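Reading through the structure tokens given below for one structure.
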Amino acid sequence: MGVLSLVIQNIQAQYINRNILIASGLAQEGLELVRNIRDLNWLTPGNAWDKDLAPVSGQHKFVIDYRGRSSLADIAGIDAIAAILNIDNSSGFYWHGAGTDSMFKRMLTVEKITIAGAEYLLDVKCTIRWRDGAENHDYTAETYLYNWR
10 MGVLSLVIQN IQAQYINRNI LIASGLAQEG LELVRNIRDL NWLTPGNAWD KDLAPVSGQH
70 KFVIDYRGRS SLADIAGIDA IAAILNIDNS SGFYWHGAGT DSMFKRMLTV EKITIAGAEY
130 LLDVKCTIRW RDGAENHDYT AETYLYNWR
């Protein structure tokens, strides 16, 4: 009985670790996509560096995926339907378009940081949520984007 219990625990740990690894990749991808928007703003004459990213006040919550499909308008939160990631049937990648349902949701949160009246910093967080049985799991990655150019 003890050996069987150990085998079951090992299988459960592998399953949990697999989902954490997927979540960490999805979170990093989200941060890189936001960084890409900032970089494209720099390359577009007349655009503010934080165009479409910085909130008017408080936090800006939105979704984005690798194909550029995004809802830069605020979403209610991580449990919004727009936050659900599907698996693209042709590529196997996660995105917010049509495809096979996945257990993962992704939401980006951007907050403008003002120091001494200067707005030169964005605090960007990407939260991935997935459900395992009756329990929700969250994985959050965070970075700071500067207007250093």
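Converting from the sequence shown to this note's numbering requires adding 9 to each position, the first position being numbered 1. Glycine included, C-beta positions come from ideal geometry on N, C-alpha and C. Note that the structure is predicted; figures quoted are calculated from it, not measured.
Between residue i and residue j, how many whole angstroms is the CB-CB distance? I'm expecting something under 8 Å.
| i | j | result |
| --- | --- | --- |
| Tyr75 | Trp104 | 6 Å |
| Cys135 | Ala150 | 5 Å |
| Ala107 | Asn95 | 7 Å |
Here's the rule I'm using: 16 or more other beta-carbon atoms within 10 Å means buried, otherwise exposed. How should residue i be labelled?
| i | result |
| --- | --- |
| Ala36 | buried |
| Ala127 | exposed |
| Glu38 | buried |
| Asn43 | The identity of residue 43 in the sequence shown is Val, whereas the question assumes Asn. Buried: at least 16 other Cβ atoms inside 10 Å. |
| Asp141 | exposed |
| Ile87 | buried |
| Ile57 | In the sequence as displayed, the identity of residue 57 is Ala instead of Ile. The residue is exposed, with fewer than 16 neighbouring Cβ atoms inside 10 Å. |
Answer yes or no: do residue i and residue j have a C-beta to C-beta separation smaller than 8 Å?
| i | j | result |
| --- | --- | --- |
| Glu120 | Asp132 | yes |
| Leu130 | Tyr153 | yes |
| Lys114 | Ile137 | yes |
| Leu117 | Ile90 | no |
| Asn28 | Trp157 | no |
| Leu62 | Arg47 | yes |
Bridge partners of residue i, per DSSP?
| i | result |
| --- | --- |
| Met116 | Thr136 |
| Leu154 | Leu131 |
| Gln37 | Note: Gln37 sits in no beta bridge, so no partner. |
| Asn145 | Arg140 |
| Tyr103 | Ile96 |
| Thr109 | Ile96 |
| Val43 | Paired residue(s): none; Val43 is not in a bridge. |
| Thr53 | In DSSP, Thr53 forms no bridge with anything. |
| Ile124 | Ala127 |
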